[in-house]
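A.B. asks:
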Amino acid sequence: MKVPIYTTEEKTEGEIEISRELFDTPWKPILVHRAAVVEEANRRVKLTHPKDRGDVRGGGRKPWRQKGTGRARHGSIRSPLWRGGGVTFGSAPRVYEKKINRKERRLALRSLLSKKYADGDLRVVTPLAAERVSSKELRERLHTFLHGKTLIVASGGNRSLYLSARNLSRVGVVRADTLQVGDLLRHRRVLVEAGALNEIPA
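See the structure below:
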């Protein structure tokens with residue numbers, strides 16, 4: 001399958017031969033949703049761990065005797081009823097990790113790439129690396145493509161591009177070998193460098 005390569009002026013500059021599966025896979029919304037849920041769940045970290053009455057330091061002695069004082073009975077000053085006591089039914093660390101088969105994850109990525117390409121929201125472009133780091137220059141070079149949030153899929157080691165795009169609020173840059181379904185879902189337009197096509201894990 002041949003796809004056109006565009007310059008930053010949105011003019012075609014030749015074609016590149018790629019695997020048909022990359023941009024010609026049937027749309028599978030259920031599988032794409034599953035892959036996105038797995039990515040978000042695996043990114044989630046549960047850090048809260050409030051202490052219950054057994055975890056709080058102190059409170060090993062009964063504060064006063066059971067009977068005869070006229071006050072309510074208590075067995076520990078770390079009871080949840082007391083100031084400085086433990087938390088009742090506090091949340092505990094959880095494992096939110098979900099799993100998806102590698103073939104399913106790659107199929108979901110190919111399906112979403114194909115959907116973007118069919119809708120005209122994905123373009124293969126010439127290398128975008130700049131000689132120096134400049135957000136202004138990058139914005140001027142990409143002004144014809146910047147319609148909504150735009151994702152640039154670049155080949156690894158393109159440091160000047162990452163630094164230039166870091167200050168552009170509606171532009172994201174991701175290495176091709178780390179591309180995920182969530183990256184594509186969070187951006188309307190996708191620009192893939194021609195040299196990065198073979199690095200996409202799909």
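Numbered per full-length UniProt numbering, the sequence shown spans residues 1 to 202. Just so you know, even glycine gets a beta-carbon here, dropped at the ideal spot from N, CA and C.
Hey, leucine 142 and serine 164: beta-carbon distance below 7 Å or not?
C.D. replies: Not closer than 7 Å, so no.
A.B. asks: Could you spell out where the alpha helix (DSSP H) holding leucine 168 opens and where it closes?
C.D. replies: Counting along the chain, leucine 168 falls outside any alpha helix (DSSP H), and DSSP gives it neither H nor E.
A.B. asks: Pull the bridge partners of glutamate 193 from the DSSP assignment, please.
C.D. replies: Val125
A.B. asks: Can you tell me where the alpha helix (DSSP H) holding isoleucine 30 begins and where it ends?
C.D. replies: 29-43
A.B. asks: Which one of Pro127, Arg61, Asp119 and Glu40 has the shortest CA to CA distance from glutamine 180?
C.D. replies: Ranking the options by Cα distance to glutamine 180, first place goes to Glu40.
A.B. asks: Run through the DSSP bridge pairs and tell me what leucine 151 is partnered with.
C.D. replies: Gly172 and Val190
A.B. asks: Just verifying my parser: in three-state terms, what is the DSSP assignment at threonine 12?
C.D. replies: strand
A.B. asks: Isoleucine 100 to leucine 22, Cα distance in whole Å?
C.D. replies: 20 Å
A.B. asks: With DSSP run on the structure shown, which of helix, strand or coil describes valine 3?
C.D. replies: strand
A.B. asks: Cβ of glycine 75 within 7 Å of Cβ of valine 56?
C.D. replies: no
A.B. asks: Is the number of C-beta pairs between the region 184-201 and the region 116-125 that are closer than 8 Å three or more?
C.D. replies: The region 184-201 is in contact with the region 116-125.
A.B. asks: Just grab the DSSP bridge partners of glutamate 17 for me.
C.D. replies: Lys2
A.B. asks: Along the chain, where does the alpha helix (DSSP H) that runs through arginine 65 open and close?
C.D. replies: No alpha helix (DSSP H) holds arginine 65; DSSP gives it neither H nor E.
A.B. asks: Counting C-beta neighbours from all protein chains within 10 Å, is the total for arginine 105 16 or more, i.e. buried, or is it exposed?
C.D. replies: buried
A.B. asks: Phenylalanine 23 by DSSP, collapsed to three states: which one?
C.D. replies: helix
A.B. asks: From what residue to what residue does the alpha helix (DSSP H) around tyrosine 117 run?
C.D. replies: 102-118
A.B. asks: If distances are taken between C-alpha atoms only, which option among Arg65, Lys2, Lys51 and Arg175 comes closest to isoleucine 18?
C.D. replies: Lys2
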